[in-house]
Each structure stands twice: as structure tokens, then as C-alpha cells.
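Note sheet for the following structure.
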Amino acid sequence: MRVAQYKLPKVETDAEDASLVLYYFGHGQGGSAAANVERWVGQMKQADGSAAKDAKEEHFETNGLKVTTVDVSGNYVAETAPGSGTFHNKPGFRLRAAVVETPNGSYFVKLVGPEKTVTQWNESFLNYVRSFEFK
45 MRVAQYKLPK VETDAEDASL VLYYFGHGQG GSAAANVERW VGQMKQADGS AAKDAKEEHF
105 ETNGLKVTTV DVSGNYVAET APGSGTFHNK PGFRLRAAVV ETPNGSYFVK LVGPEKTVTQ
165 WNESFLNYVR SFEFK
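Note that our numbering has the sequence shown beginning at 45, numbered continuously upward.
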């Protein structure tokens, strides 16, 4: 499932690095763009535990491929590992993610980390997503 995983160095004031992971599950696998955006937004909560607000979703094409991105900040509460039953509790985080649809199936890109660090890497994230091509 994980095609690649990167550690993106933190900004000086943050406590930890960000993580960028590229997933590919195969043709027709991994769910729709809308289902993944909903799941990713659900991994972020407000400080009081309520649903994240102000998630930004964008749609565009790059090199003939449809792309959906999401940008949401808050308390990162995703499961630490699928099926583990234990969850992160990381306030002040930001999640940037994208679904890149190709003829051979979608690729899923997820960047998560402290808000300032993810902000530092945001333009690189977007350039990475825009660099996808199908050959």
C-alpha cells in the first residue's frame, strides 16, 4: 500500500517533523476521492472534540489527471495504525492530502504534521502533486 514515505524536517519552533506518505492500492481500490476527503477531514477535530471546521477542498487537473486536494487543521486524531484502536491526540496539526486519479487507479498522498511545518512544506506538496503524470 505504501509506495513511499518521507520525513519532512520541522521548523525550528515545532516539536516534530511532518510525514508525507504516497499510497497506491491498485486499480479500483482505495475508495473514491470524496470518501477519502471525508475520512481525512474526520481525522482532524477541534480542541473541544467537535468536527473540524473550514476544511478546504479543491479540484483541478494536472498533466491530464484529475486531482482532489483537502486542507484541514486542528487536533490530529487518526488511528496510530489501522485496526489498532489507539489514536493520535496531536493539537495544532495540519493535514494536506490529495487523490490523483490515473487510468490504473488512484494514488493517495497524505501530508500531516505540526501546522507551521506543514505550512512550510505546502508549496512543495502542491508541486509534488502537480508533477504526477501517467506514462
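Every residue gets a Cβ at the ideal spot worked out from N, C-alpha and C, and that includes glycine.
Considering only the beta carbon of each residue, do residue i and residue j sit closer than 8 Å?
i: G157; j: L66; result: no
i: A78; j: K89; result: no
i: V111; j: V173; result: yes
i: E102; j: V81; result: no
i: A91; j: T113; result: no
i: L155; j: W84; result: no
Kindly list the residues whose CB is nearer than 7 Å to the CB of residue i, restricted to its own chain and excluding five residues on each side of it in sequence; keep chain order.
i: G129; result: none
i: G70; result: G149
i: E167; result: none
Kindly indicate which residue of the options has the alpha-carbon position closest to the one of residue i.
i: D58; options: S168, K160 and F169; result: K160
i: T146; options: A62, E82, K54 and S76; result: S76
i: P126; options: Q87, V153 and V144; result: Q87
i: D115; options: L170, A48 and E56; result: L170
i: V153; options: G93, G74 and S94; result: G74
I'd like the list of long-range same chain contacts for residue i, defined as Cβ closer than 8 Å, with 5 residues on each side in sequence excluded.
i: R46; result: V65, L66 and Y67
i: D98; result: V116 and S117
Who are the Cβ neighbours of residue i in its own chain at under 6 Å, not counting the five residues just before and after it?
i: Y151; result: Y68 and V144
i: F131; result: V121 and E123
i: V55; result: K160, T161 and Q164
i: A48; result: L66
i: Y50; result: L64
Along the chain, which unbroken stretches of the beta strand (DSSP E) at least 3 residues long are found entirely within the region 84 to 135?
Those beta strand (DSSP E) runs which fall completely within the region 84 to 135 and span 3+ residues are 100 to 106 and 109 to 120.
For the structure I just gave you, are there three or more beta carbon pairs, one from the region 96 to 112 and one from the region 160 to 179, closer than 8 Å?
Yes, since at least three Cβ pairs between the region 96 to 112 and the region 160 to 179 fall closer than 8 Å, the two stretches touch.
Does the region 132 to 146 come close enough to the region 109 to 123 that 3 or more CB-CB pairs lie under 8 Å?
Enough Cβ pairs lie closer than 8 Å, so yes.
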